[in-house]
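First comes the structure, then the notes that go with it.
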Amino acid sequence: MPELPEVENVVRSLAPRIVGRGIIEARFLWPRAAQGEPDGMAELLSGRIIRGVRRLGKHILIDLDVGLIDIHLRMTGKLLFGEPGPYARAVLQLDNGTLVFDDVRQFGYLVWRAADPPAGRDALAATADEFIMLVRARRGRIKPLLLNQSVIAGLGNIYVDEALFRAGIHPLAHGLSRKRLERLYQAISAVLSEAIDAGGSSISNYVDAEGRRGSFQRQHRVYGRESEPCLTCKKPIRRIVVSQRGTHYCPRCQRP
DNA sequence: ATTACTACCTGACAGC
DNA sequence: TGCTGTCAGGTAGTAA
22 MPELPEVENV VRSLAPRIVG RGIIEARFLW PRAAQGEPDG MAELLSGRII
72 RGVRRLGKHI LIDLDVGLID IHLRMTGKLL FGEPGPYARA VLQLDNGTLV
122 FDDVRQFGYL VWRAADPPAG RDALAATADE FIMLVRARRG RIKPLLLNQS
172 VIAGLGNIYV DEALFRAGIH PLAHGLSRKR LERLYQAISA VLSEAIDAGG
222 SSISNYVDAE GRRGSFQRQH RVYGRESEPC LTCKKPIRRI VVSQRGTHYC
272 PRCQRP
């Protein structure tokens, strides 16, 4: 579920409670959350000191005195303080409390790594020139390209649809001009920073590490608005499938 | 390089 | 109340 703005809010809510703390013990309640190495991971994590926490694309990276923890929430992962519930997959006992990795669908993971995971250029960190170069080096349709984390990291289904709408670009467009890519870059930067400021989008169950929901879902212009009137031209928003993902766009405002 | 399809999972919701 | 099918903020693997 979480994309860049949600992960950013998780990181910000995590920082004041975990940076500088020690990890007393790590327990994996679901071995696959440790990518099949629960004992080894628990061993590597216990006794470590947390030096910092940051975001890379959709990854949460917790820097330790030795290596780091790489957490990916995938669709339903959450990090929460407090007692583990029925969907707890891993528990970090810190010297000041308990951090629980919760994940209904069990797609996410929490693993120790010696160094950062591979990732494309972070969508918020990229400059306009970098963004344009990266996109122009590829041939395919714009939506699948923006979803490809090894090119630009952080965008997911909601924010791609929202950014393409704001830029007036059809999700299947390709070979875009420099001018249209500049407009797309501005749209991406704007939608991501507005969403971060709104605490992210909580459509069903996203919450940050303090359990707070976001409110950006109220500012979605196309995502989840199939058949509703376009906020610009009143034409009904259309839903198609692109890359096996529900894709929302305005057939009048977004031309190929 | 790009696309298409399957798989990993559970839960919410619509329609019968 | 079921039951069935569809959908979901993601990504890996495999094949064409």
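Following the numbering used here, the numbering of the first sequence begins with 22 at its first residue and continues without gaps.
For every residue, glycine included, the Cβ atom is placed at its ideal position computed from N, Cα and C.
Residue i, buried or exposed, once every other Cβ within 10 Å from all chains shown has been counted against 16
i, result
"Ala158", "exposed"
"Asn30", "buried"
"Thr253", "exposed"
"Lys200", "exposed"
"Gln275", "buried"
"Asp123", "buried"
"Gly106", "exposed"
"Val156", "buried"
"Thr148", "exposed"
"Asp91", "buried"
"Val87", "exposed"
"Ala208", "buried"
"Met22", "buried"
Pairwise C-alpha distance: residue j and residue i
i, j, result
"Glu183", "Tyr244", "7 Å"
"Gln240", "Gly118", "35 Å"
"Val226", "Asn178", "It should be noted that the sequence gives Asn, not Val, for residue 226. Going from the Cα of Asn226 to the Cα of Asn178 covers about 16 Å."
"Ala211", "Leu202", "14 Å"
"Phe128", "His195", "31 Å"
"Trp51", "Arg110", "5 Å"
"Pro138", "Arg72", "18 Å"
"Ile173", "Tyr206", "11 Å"
"Gln56", "Pro257", "44 Å"
"Gly235", "Gly221", "5 Å"
"Arg266", "Arg162", "14 Å"
"Gly46", "Gln114", "Strictly speaking, residue 46 in this sequence is Glu, with Gly absent from that position. Approximately 5 Å, taken between the alpha carbons."
"Pro272", "Leu193", "12 Å"
"Arg233", "Met96", "17 Å"
Selected residue, minimal CA-CA separation from residue i, among the options
i, options, result
"Ile217", "Leu120, Val125, Gln238", "Gln238"
"Val181", "Leu168, Ser67, Ile173", "Leu168"
"Val74", "Phe152, Ala208, Leu35, Thr148", "Leu35"
"Lys99", "Pro165, Pro59, Lys255, Val228", "Val228"
"Arg38", "Ser223, Leu120, Ile209", "Leu120"
"Ile83", "Asp143, Arg69, Leu25", "Arg69"
"Gly41", "Leu185, Leu176, Thr97, Asp116", "Asp116"
For residue i, three-class secondary structure by DSSP
i, result
"Pro37", "helix"
"Arg187", "helix"
"Leu94", "coil"
"Val28", "helix"
"Leu65", "helix"
"Arg160", "coil"
"Val112", "strand"
"Asp143", "strand"
"Arg242", "coil"
"Val172", "coil"
"Val262", "strand"
"Pro23", "coil"
Limits of the unbroken beta strand (DSSP E) element including residue i
i, result
"Gly118", "118 to 124"
"Ile45", "44 to 49"
"Phe102", "98 to 102"
"Ile81", "80 to 85"
"Leu131", "130 to 134"
"Ile71", "71 to 77"
Alpha helix (DSSP H) segment containing residue i, residue limits
i, result
"Gly151", "Note on identity: in this sequence residue 151 is Glu, with Gly being the wrong assignment. Note, Glu151: alpha helix (DSSP H), 149 to 157."
"Ala211", "199 to 218"
"Ile163", "163 to 168"
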